[in-house]
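**Student:** First the structure, then my questions, so here it is.
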Amino acid sequence: MFGRNVIIGQYIPLDSAVHRLDPRSKLLVVALGIVTLFLVQSWISFLFLAAFCGILAAVARLSFRYFLKSLRPLWILLLLTLVLHVFFTQDGVVLFGFLRVSFEGFIKGLFIVVRLALLVVVTTILTLTTSPIELTDGMEGLLSPLKKWGFPAHELAMMMTIALRFIPTLLEEADRIMKAQMARGVDFESGGLLNRIRGLVPLLVPLFVSAFRRAEDLAIAMESRCYRGGVGRTRLKVLRFAPRDYLFLCSAFSTFVLSLGIPWIVR
Amino acid sequence: MSLSPFSMTRVALFAALCVVAAVTFRFSSGVVPFSLVPFVVFLAGFLLPPLEAFLSMLLYLLLGLSGLPVFATPPFGGPLYVLRPTFGFLLGFVLAAPGVAFLSKGKTARRIAQAIGAGMALLYLPGILYFFFAMNVFLGKPVGLWDTVRIAFIPFAGPDLVKAFFAYLLARQILPRLRQSLHSK
Amino acid sequence: MFILVENVSFTYLPNTPFAVQALCNVSFAVERGESVAILGRTGCGKSTLVQHLNGLLIPQEGRVVVDGVDTRVRGAALREVRRKVGLVFQYPEDQMFEESVFREVAFAPRNMGVEGEELENRVRWAMTVVGLDYDALKDKSPFELSGGQMRRVAIASILSMKPEVLVLDEPTAGLDPQGRTMLLGKLWELRKQWGLTIILVSHNVEDVARIAERVVVLDKGKIVFDGSVREFFADEERMRQCGIIPSPLLQAAFLLRRKGFAIHPPLAPFDFYLEIKEKVLAGKRPCSVEM
């Protein structure tokens, strides 16, 4: 049941300009954005980048709620980083006898935290506006120039798609087999560790045998439809850059350059 | 490199199995209180030829890095996962599976033991090194090398060894059934 | 009343955005020795309902009682419920994993504590009753058998528990016509000769006609009909509304009815022959040769 959930990931199907962007441009911008975020050293740069993300999120009609949700699993890490920098930086004011609190440490910690948060925001915008299929298509598109050097971009994308397809099938099959064995008296939930592991055999053996059979059936189906890999293969949905993609790439690129160069200009 | 559809579907299958193993750990820690992904890694090594074992783990890695929530711990996916100090273990998966596959080609007990040993080494070396590197360099939480071994290796090595062993036992059960069922069709 | 289903409602993944209500206030009862078919189009809730009968699923509302025991029990009592109501899933050969047919069929009773000579007797009986040669097949690997044989091994592996009710989900799916006839014949024997209660889940009208005496029809999680097979087959309009396509035999009978002949719904070709002889041919005489 949650197999479908894993496949969809965080993707929210809306109709916005950002959703309609070519996945390749989105992937490129996110990659460059991550690099930029690691290179910047000043708060003004963060302002620029945060503003860019904010505009993007607004255009994509994504509510603030989604970003909070994606930050939630990391909040402990963020808090810990901040705390460590407040309490364990070398020069600071001594309080309570043994505890050392440093304001500089706080600022430094906050910097790292904001950087991490922005990184999450940038990648979240990508996953919220791009479906898994689009992602694999986009990656295949970006990597296809490497085909000249023998890099199997098409095969990789094809295998990713097949893997995604197998996930809900495997989960359903595992559920079916588990129930069938429970009907034969197997108890998966109680008993010591050794018993539970032994109990997994009637689940795992049939699961793997049927999984291998499915893989073989799929391969036979592919072959009977004359699948020969990526050579000369055409696409149903051709990825094409639209004017909005060029606009997007230009604005992103200028934002990144600006955020990197701003400290020099201000000085 | 040209892959036959048969190889491709098997590679995709094992990548999907890694996802299922990780997701099962995430959602049903009642039934399965430990991560089954290392188990799948060793199983891939025992059931697949080295190239397919390598590609399937690489595929799993790529699926997660591209943003899909298929890893076992938060944030479950995305390129930021490289920031996690345990990311090195994912790299270890990619090395361990083909290592095990290559060494387990001979079916003697000695070879199998070598395969499991090599698998553990290939799994933990990148894991420990990356953990050390990550903590010290970009997470700003310096730990010594010995402490790294204490945190990242010792508590997990035992259970992972057990998982490797059970993967071998399971593979021993599966292989003959596979041969029988795929030949009788 | 051997199995009582009382006001059962069930939702998958309740309280999540993926919640799906599969059963809605379902009630019916099954007596010992009956032969019931649960019919309905795909997705109507048949498989969900049937998994309630042996406690694999617990309803959020209502209750299921098997031989006086509510299925909400745990431990040994639950295992007893699962023993009494043997559930054979669709494509049951997918659940096989043992090294030999004997071990496969013995798996369930062993989980329930049976061993030694009693175990061997059970396996031998279960295999014989489904038409498998015990001595020839007991040591073979189940994966080496033909499709029909694997199906029968899977059913035997449930029968070896000595259930009192046998619930089968699409037992003839994927079998060739010969296999189907043979399996249905064995199920009939199981009932007449060994007293098993049979519950059949199907959307195959011919199978239902051959075995069932009572039909329970589900549509979108609710029971829309509960009565005798003949009663259900007599009404073509109702059948189609429930999403059930009549078998060719029934379609022929309906055609004749539309032409004005008072045909009763035939359950088997021979019934049909008798109906035609009595009601159709009686109206027409063979043309006599003019002398």
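So the sequences go chain by chain: A, B and C. Counting in this note's numbering, the first sequence tops out at residue 317, every number present. Counting in this note's numbering, the second sequence tops out at residue 895, every number present. Counting in this note's numbering, the third sequence tops out at residue 294, every number present. Where a beta carbon is used, it is the ideal one built from N, C-alpha and C, also for glycine. All values derive from a computational prediction rather than experimental measurement.
1. What's the C-alpha gap between Val-11 (chain C) and Tyr-878 (chain B)?
2. Along the chain, where does the beta strand (DSSP E) containing Asp-172 (chain C) start, and where does it finish?
3. Relative to the C-alpha of Leu-52 (chain C), which candidate in C:Lys-141, C:Ala-157, C:Leu-90, C:Gly-71 has its C-alpha closest?
4. Whole angstroms are fine: how far does the CA of Ala-823 (chain B) sit from the CA of Lys-287 (chain A)?
5. State the CB to CB distance for the pair Phe-752 (chain B) and Gly-829 (chain B), rounded to an integer number of angstroms; the pair is presumed to be in contact (CB under 8 Å).
6. Does the region 21-30 of chain C touch the region 788-806 of chain B, meaning 3 or more C-beta pairs lie closer than 8 Å?
7. So, Pro-715 (chain B) versus Met-210 (chain A), is the Cβ gap smaller than 8 Å?
8. Locate the beta strand (DSSP E) running through Cys-103 (chain A), then write down its first and last residues.
9. Quick check on Phe-781 (chain B): buried or exposed, where buried means 16 or more other Cβ atoms within 10 Å of its Cβ?
10. Quick one: what does DSSP say Ile-214 (chain C) is sitting in, helix, strand or coil?
11. Mind listing the chain B neighbours of Ala-110 (chain A)? Cutoff is C-beta to C-beta under 9 Å, in chain order.
12. In its own chain, which residues sit with a C-beta less than 6 Å from the C-beta of Leu-129 (chain A), not counting the 5 before and 5 after it?
13. Exposed or buried, which one is Phe-153 (chain A) when buried takes at least 16 other CB atoms within 10 Å?
14. Kindly indicate which residue of C:Arg-243, C:Val-72, C:Phe-236 has the alpha-carbon position closest to the one of His-267 (chain C).
15. For Lys-229 (chain A), which residues in chain C fall below 8 Å Cβ to Cβ?
16. Out of curiosity, what's the CA-to-CA distance linking Arg-70 (chain A) and Thr-86 (chain A)?
17. Per DSSP, which one or two residues make a beta bridge with Ser-205 (chain C)?
18. Between the Cα of Leu-199 (chain C) and those of C:Arg-86, C:Val-117, C:Arg-261, spot the shortest distance and give me the residue it belongs to.
19. Whose Cβ in chain A lies nearer than 9 Å to the Cβ of Phe-110 (chain C)?
20. Can you list the residues of chain A that Met-115 (chain C) reaches, using a CB-CB cut of under 7 Å?
21. Determine, for Phe-156 (chain A), whether the minimum Cβ-Cβ distance to residues of chain B falls below 8 Å.
22. Against Pro-256 (chain A), what residues of chain C qualify as contacts under a CB-to-CB distance less than 8 Å, listed in chain order?
23. Got a sec? Which residues, its chain only, sit under 6 Å from Phe-724 (chain B) by beta carbon, not counting five neighbours each side?
24. Nearest to Leu-186 (chain C) by alpha carbon, out of C:Gly-150, C:Glu-167, C:Val-220?
25. Residues in its own chain within less than 8 Å of Gln-91 (chain A) by CB, not counting five upstream and five downstream?
26. Against chain C, which members of the region 859-892 of chain B pass a CB distance test of less than 7 Å?
27. Have a look at C:Gln-63, C:Gly-58, C:Pro-62 and flag the residue whose alpha-carbon is nearest the alpha-carbon of Ala-79 (chain C).
28. Does the beta carbon of Ser-205 (chain C) sit closer than 8 Å to a beta carbon anywhere in chain B?
29. Given a threshold of 16 other Cβ atoms within 10 Å of its Cβ, counted over all protein chains shown, does Val-259 (chain A) qualify as buried or as exposed?
30. Cα separation between Val-250 (chain C) and Val-88 (chain C)?
31. Please report the straight-line C-alpha distance between Val-729 (chain B) and Phe-799 (chain B), rounded to a whole angstrom.
32. Whole angstroms are fine: how far does the CA of His-206 (chain C) sit from the CA of Ile-279 (chain C)?
33. Report yes if the CB atom of Phe-863 (chain B) is closer than 8 Å to the CB atom of Tyr-834 (chain B), and no otherwise.
34. With 7 Å as the C-beta to C-beta threshold (strictly closer), list the residues of the region 715-727 of chain B near chain A in chain order.
35. Quick one: give me the first and last residue of the alpha helix (DSSP H) that Asp-274 (chain C) is part of.
36. Within a Cβ cutoff of 8 Å, which residues of the same chain sit near Leu-270 (chain C), ignoring the five residues on either side of it in sequence?
**Tutor:** Reading it off the structure:
1. Our two residues, Val-11 (chain C) and Tyr-878 (chain B), have alpha carbons roughly 45 Å apart in a direct line.
2. Per DSSP, Asp-172 (chain C) belongs to the beta strand (DSSP E) from 168-172.
3. Closest option to Leu-52 (chain C), Cα to Cα, is C:Leu-90.
4. For Lys-287 (chain A) and Ala-823 (chain B), the distance between alpha carbons rounds to 49 Å.
5. The distance from the Cβ of Phe-752 (chain B) to that of Gly-829 (chain B) is about 6 Å, consistent with a contact at the 8 Å cut-off.
6. Counting C-beta pairs closer than 8 Å gives fewer than three between the region 788-806 of chain B and the region 21-30 of chain C, which falls short of the contact rule.
7. No; because the gap between Cβ atoms is not below 8 Å, this pair is not in contact.
8. For Cys-103 (chain A), no beta strand (DSSP E) run applies; the uninterrupted alpha helix (DSSP H) run containing it begins and ends at 93-109, by DSSP.
9. It counts as buried.
10. DSSP places Ile-214 (chain C) in helix when its eight states are reduced to three.
11. Near Ala-110 (chain A) there are no residues of chain B at all, since even the closest Cβ is about 15 Å away, more than 9 Å.
12. Cβ neighbours of Leu-129 (chain A) beyond the five flanking positions: none.
13. Phe-153 (chain A) should be labelled exposed.
14. Out of C:Arg-243, C:Val-72, C:Phe-236, C:Phe-236 has the C-alpha closest to the C-alpha of His-267 (chain C).
15. Within chain C, the residues near Lys-229 (chain A) are Gln-54, Leu-59, Phe-92.
16. Taken atom to atom, the span from the alpha-carbon of Arg-70 (chain A) to that of Thr-86 (chain A) is near 24 Å.
17. Beta-bridge analysis with DSSP links Ser-205 (chain C) to C:Leu-42.
18. Of the listed residues, the one whose Cα sits closest to Leu-199 (chain C) is C:Arg-86.
19. Contact note: Phe-110 (chain C) reaches chain A through Gln-231, Arg-234, Gly-235, Val-236, Pro-252, using a C-beta cutoff of 9 Å and chain order.
20. Within 7 Å Cβ-Cβ: Gly-235.
21. Put simply, the CB of Phe-156 (chain A) is far from chain B, with every gap to its CB atoms at 8 Å or more.
22. Asp-97, Gln-98, Met-99, Phe-100, listed in chain order.
23. Around Phe-724 (chain B): Ala-754, Ser-766.
24. Just measuring C-alpha positions, the residue of C:Gly-150, C:Glu-167, C:Val-220 sitting nearest Leu-186 (chain C) is C:Gly-150.
25. Non-local C-beta neighbours of Gln-91 (chain A) in its own chain, meaning closer than 8 Å and more than five positions away in sequence, comprise Pro-313, ordered along the chain.
26. Look at the region 859-892 of chain B: the residues with a C-beta under 7 Å from a C-beta of chain C are Arg-887, Gln-890, Ser-891.
27. When each option's Cα is compared against that of Ala-79 (chain C), the closest is C:Gly-58.
28. Residue-level contact check: Ser-205 (chain C) does not touch chain B, since none of the beta carbons of chain B fall below 8 Å from its beta carbon.
29. Per the 10 Å Cβ criterion, buried.
30. In the sequence under discussion, the amino acid at residue 250 (chain C) is Ser, which differs from the Val named in the question. Taking the straight line joining both Cα atoms gives about 30 Å.
31. Pairing Val-729 (chain B) with Phe-799 (chain B), the inter-Cα distance amounts to about 15 Å.
32. Their Cα atoms are separated by approximately 27 Å.
33. Less than 8 Å separates the beta-carbon of Phe-863 (chain B) from that of Tyr-834 (chain B).
34. Going along the region 715-727 of chain B in chain order, one finds Pro-715, Phe-716, Met-718, Thr-719, Arg-720, Val-721, Ala-722, Leu-723, Ala-725, Ala-726, Leu-727 with a Cβ nearer than 7 Å to chain A.
35. 272-278 is the span of the alpha helix (DSSP H), which, as asked, contains Asp-274 (chain C).
36. Within the same chain, Leu-270 (chain C) has close Cβ partners Ala-212, Arg-213, Val-232, Arg-233, Phe-236.
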